[in-house]
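Engineer:
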Amino acid sequence: MQSKKIHPWILVAMAASAIFTFYAQAQAPDGKVHVWFLDVGQGDAIFIETPSGQQILVDGGPDNSVVQELGKVMPFWDKTIDLVVMTHPDADHLNGLPEVLKRYEVESVLETGVECSTSQCESWRGLIKEKGIEKYIAKFGQTIDMGDGVQLFVFNPIESKEGESVSKKNNTSVVIKVVYGEQSLLLTGDIEGRVESKLVLAGLDINSDFLKIAHHGSKTSSTREFLDAVSPAIAFISAGTKNRYGHPTQEVLNRLENDDIKYYRTDLSGTIELTLDNNNYSINFIK
Ligand SMILES: [Zn+2]
């Protein structure tokens, strides 16, 4: 990962215009970690910015709306993303990503390499090759150092899925724990109870302050055992307003409420911003 440099003309433009300067300060790196659970409807797209401005996008939602949502939280001059993670090639995670690869200069990508044959998946893999983007295959035990004390730990897939043909891909999802100092966030893709249980039994350090609820709040995920092991203070649910799956399910909301886990939902709040600042955090909503 290389650190980003602001093109000199931007600095000139910022100095020349008070409006530009204000706008830039609102979104430029500010020494904190920002995580945006982007409102992309029924799907996942999570954008992370490190204290010095390294950027990671985890999934791209079901359509190109991710580009518009990124435009709301990225500085307007910023056309680069350091790392794009594709947790699994289901449409609600993958379909917005080819457009991201077209619009942004993406440094590297991380995915499982599981076999997929949709046109969007072909487009994603074709663009990675065409643009010479560095591609990493997600493996259990990987650590990615983003600098500034931000580290990503890959917990799933436990066994490599590269080149494998898998009919139901939820459980192949890349699971990542983001650690920043004392604070941590667990990103779970669409894993279901079976893999949640494996992660618990593996004795991994999945305990996290913040949890992205797996599979949009489906009742087949977020088992009590898993929630107890992660033991988050706050959970985030990414789901579309009045989606046809009934996500998030009342069962999962009940489990969260019974465990006193506060939760936020993109279907109700739109894009949600989590800011980590040393040992403090704050939550904001982006319209
Ligand atoms: Zn999904």
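Residue numbering for the sequence shown follows our numbering, beginning at 7 and increasing consecutively.
Even glycine gets a Cβ: it sits at the ideal position worked out from N, Cα and C.
#1: Between the beta-carbon of G209 and the beta-carbon of E168, is there less than 8 Å?
#2: Enumerate, from N- to C-terminal direction, the unbroken alpha helix (DSSP H) stretches of 4 or more residues contained entirely within the stretch 250-285.
#3: Per DSSP, which residues does K141 bridge with? Please list them.
#4: What residue does the alpha helix (DSSP H) around V236 start on, and which one ends it?
#5: Going by DSSP in three states, E198 sits in which element: helix, strand or coil?
#6: Checking 8 Å against the spacing of the C-beta atoms, do D273 and T247 come in under that value?
#7: My parser needs the beta strand (DSSP E) runs of 3 or more residues fully inside the stretch 122-176; what are they?
#8: How many angstroms separate the CA atom of P81 from the CA atom of S288?
#9: Judging by CA-CA distance, which residue of G66, G102, R109 is the nearest neighbour of D84?
#10: Could you give the first and the last residue of the continuous beta strand (DSSP E) run that contains A241?
#11: Would N176 and I197 be called neighbours here (beta carbons separated by less than 8 Å)?
#12: Using the beta-carbon of each residue, find all residues closer than 5 Å to any heavy atom of ligand 1 and list them in chain order.
#13: If you draw a straight line from the C-alpha of K183 to the C-alpha of A97, how long is it?
#14: Consult DSSP for V46 and reduce its assignment to one of helix, strand or coil.
#15: Taking the C-alpha atoms as reference points, what is the distance between I186 and G252?
#16: Looking only at its own chain, which residues have a Cβ that is under 8 Å from the Cβ of F291, when we skip the five neighbours before and after it?
Structural biologist: Checking against the coordinates, here is how it stands:
#1: Contact flag unset, no.
#2: Runs of the alpha helix (DSSP H) inside the stretch 250-285: 256-264, 272-275.
#3: Under the DSSP definition of a beta bridge, K141 partners with V115.
#4: Run containing V236: 230-236, per the alpha helix (DSSP H) assignment.
#5: The three-state secondary structure of E198, taken from DSSP, is coil.
#6: Between D273 and T247, the CB-CB gap stays under 8 Å.
#7: Listed in chain order, the beta strand (DSSP E) runs fully inside the stretch 122-176 are 140-143, 149-153, 156-162, counting runs of at least 3 residues.
#8: Distance between the alpha carbons of P81 and S288 is about 20 Å.
#9: The alpha carbon of D84 has as its nearest neighbour, out of G66, G102, R109, the alpha carbon of R109.
#10: Unbroken beta strand (DSSP E) run through A241: 240-243.
#11: Contact: yes.
#12: Taken from the N-terminal end onward, the list reads D98, D196.
#13: Cα to Cα, the separation comes out at about 23 Å.
#14: Coil at V46, not helix or strand.
#15: This sequence places Tyr at residue 186; Ile is not what is there. Note on geometry: alpha-carbon atoms of Y186 and G252 lie some 33 Å from one another.
#16: Here F291 has S275, G276, T277, I278, E279 as same chain residues with Cβ atoms under 8 Å from its own Cβ, once five neighbours each way along the sequence are excluded.
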